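Just so we're aligned, residue 1 is where the sequence shown starts under my numbering, counting upward by one. Below you'll find the structure, written out as structure tokens, and then a few comments.
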Amino acid sequence: MPETVNLTSEIKRQLPSEMVDFMRWAGEEAAQQGRSLYLVGGVVRDLFLQRPNFDMDLVVDSDAISLARRLAKEVDAKLTIHARFNTARIRWDRWSVDLATVRSETYERPGALPKVGPGTLDTDLLRRDFTINAMAIELTASRYGRLIDVYGGQADLEGKFIRVLHENTSPTMLPGSGVPSAMSRGSCFVLSR
């Protein structure tokens, strides 16, 4: 069984206190509603790289829109809802948070908008472009800071590998976009290091 990695100290050390406070509070709110909340995407990767990234993307295991409404009301924020994709954006002061329900996506053809369906955290992470962007950090109070890395993103970061994900988790094509755009994003990431 892999060792459990907890990133609580890195979160506190690297992210602004307002962001940390919001994530803790949002995790508590989600737990009160019987849900689990996760920090996902580039900010998780960048905690390992010790690079500033304040792009807060959160996923919740059910009904992100109702949770976003509750959070936005409490911080007196502007709320934008995208019901088709089960997502919402909360904006206040200098902060912006994207909140999504875990989901799966299918594409009729490359470049098409996705057909969004229910999913799990694993299927949601599999939607990401690279393994290094397919990690999550649990924000629910009892497991706050725990890394979830089902596709080997941490090992790929340490080994300086960029692997592309797709529905079968092999490093070939991205759903809906194809290899050229994946390679373009990968090249930008490598060049920015």
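Cβ atoms here follow ideal geometry from the backbone N, Cα and C, with glycine treated the same way. Quantities reported herein were computed from a predicted structural model and do not represent experimental measurements.
By the 10 Å Cβ neighbour count, where 16 or more other Cβ atoms means buried, how is E74 classified, buried or exposed? The sequence position of residue 74 within the sequence shown is 74, counting from 1. The residue is exposed, with fewer than 16 neighbouring Cβ atoms inside 10 Å.
Report the three-state DSSP secondary structure of M19 (helix, strand or coil). For the purposes of this step, residue 19 is identified with residue 19 of the sequence shown, where counting begins at 1. Assigned with DSSP and collapsed to three states, M19 falls in helix.
If you count every other CB in all the chains shown that lies within 10 Å of the CB of T4, and 16 or more means buried, which is it? In the sequence shown, the residue the question calls residue 4 occupies position 4. Under a 10 Å Cβ-count criterion, T4 is classified as exposed, with fewer than 16 other Cβ atoms of the shown protein chains found around its own Cβ.
Skipping 5 residues on each side, what residues in its chain have a beta carbon closer than 7 Å to that of D63? Along the sequence shown, read from residue 1 onward, the residue named residue 63 stands at position 63. So the qualifying residues of the chain are T101.
Skipping 5 residues on each side, what residues in its chain have a beta carbon closer than 7 Å to that of P16? Position 16 of the sequence shown holds residue 16. Only residues of its own chain outside the window of five on either side were considered, and among them F54 have a CB closer than 7 Å to the CB of P16, listed in chain order.
Going by beta carbon distance, what residues of the same chain come within less than 7 Å of M23, once the five residues before and after it are set aside? In the sequence shown, residue 23 corresponds to position 23, counting from 1. Taken in chain order, the residues that qualify are L39, L139.
Rounding to the nearest angstrom, what Cα-Cα distance links N6 and D76 in this structure? The residue given as residue 6 occupies position 6 in the sequence shown. The residue given as residue 76 occupies position 76 in the sequence shown. Annotation: N6 to D76 spans about 31 Å, alpha carbon to alpha carbon.
Cross-strand partners of S62 (DSSP beta bridge): Here residue 62 corresponds to residue number 62 of the sequence shown, with the count starting at 1. Its beta-bridge partners do not exist; DSSP assigns none.
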